[in-house]
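For reference, the structure is listed below as structure tokens.
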Amino acid sequence: MPTEASKQAEAPAEERHASTVNVRMSATMRSELIEESARRHAVDIWLDQCLFVLNEKDFAEFEAALDRPPRPNDEPRALLKKKPLWER
């Protein structure tokens, strides 16, 4: 049965290096990496948000526009009826 050392010797150099790096990495370093990744993700989410500063009248108009049904538009229907390029 192969020993761990012999398995390591047979592994490609990249795998051995990654394995060595993983073994040497302390729990503290891992938690710091996870924390930093979570922080970056939270900042990205925060930066992706939009802020609308509207007075009451403009906000009422904005809400009304959101609540209104869309105007009829035949272009999407016509596009869906067309045969796709790869089927022509």
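Residue 630 in this note's numbering sits at position 61 of the sequence shown; the count goes up by one each step and never skips. Virtual Cβ for every residue (Gly too), placed ideally from N, Cα, C. Everything numeric in this text was worked out from a predicted model, so none of it was measured.
Residue j beta carbon less than 8 angstroms from that of residue i
i, j, result
"Phe631", "Leu620", "no"
Residue i in three-state terms, based on DSSP
i, result
"Val622", "coil"
"Arg609", "helix"
"Arg657", "coil"
"Asp535", "The chain is shown only over 570 to 657; residue 535 falls outside these bounds and no answer can be derived."
"Glu640", "The sequence shown places Arg at residue 640, not Glu. Note: Arg640 maps to coil in three-state DSSP."
Extent of the continuous alpha helix (DSSP H) run through residue i
i, result
"Leu648", "643-650"
Cβ-heavy atom distance, residue i to the ligand GDP, below 7 angstroms
i, result
"Leu635", "In the structure on display, the ligand GDP does not appear, and there are no ligands present to speak of."
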